[in-house]
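No gaps in the numbering here: position 98 of the sequence shown is 98 in UniProt numbering, and each next residue is one more. Here a beta-carbon is modelled for each residue, glycine too, at the ideal position from N, C-alpha and C. Note that the coordinates shown come from a computational prediction; the quantities given were computed from them, not determined experimentally. In what follows, a single structure is set out as structure tokens and then discussed.
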Amino acid sequence: MVEIQADEHIKKSLQNAMRNMGIPVHNIEKEGLKGVSDADLLDFVVKKERILLTNDQDFESLAEERKHYGIIFITTQYATVSEIAGEILRLWDQLSPNDFYNSKFYVP
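Right under this line is the structure:
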């Protein structure tokens, strides 16, 4: 089963909302990865075959340099937690793991 790895800047309230919707999401602190470089985080996510959830645009260029299992970018700070979680749930329900592979998605 595909799972999501939240970057360290993703609000815990969003992670909890996603879990409540049935989306398996991992917290970076619980993985012992707080403060790691973006490149090291992407390496970890690829090794674990997880989709990365981030609001860090630096992953745009990193994603071009290597294969990955998908990246979901949060593009605004103005959407509510429920709006963002709802958009992620829509993607989660509509796409297969193959659709996420080596792809980037953008949610408000």
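query: Burial state of Arg50, where buried means 16 or more other Cβ atoms lie within 10 Å; result: buried
query: Val107 in three-state terms, based on DSSP; result: strand
query: Test item: CB-CB of Thr75 and Tyr106 under 8 Å; result: yes
query: Residue from Asp56, Leu62, Ala85 with nearest C-alpha to Phe73; result: Asp56
query: Strand pairing of Ile4, partner residues [DSSP]; result: Val25, Ile51
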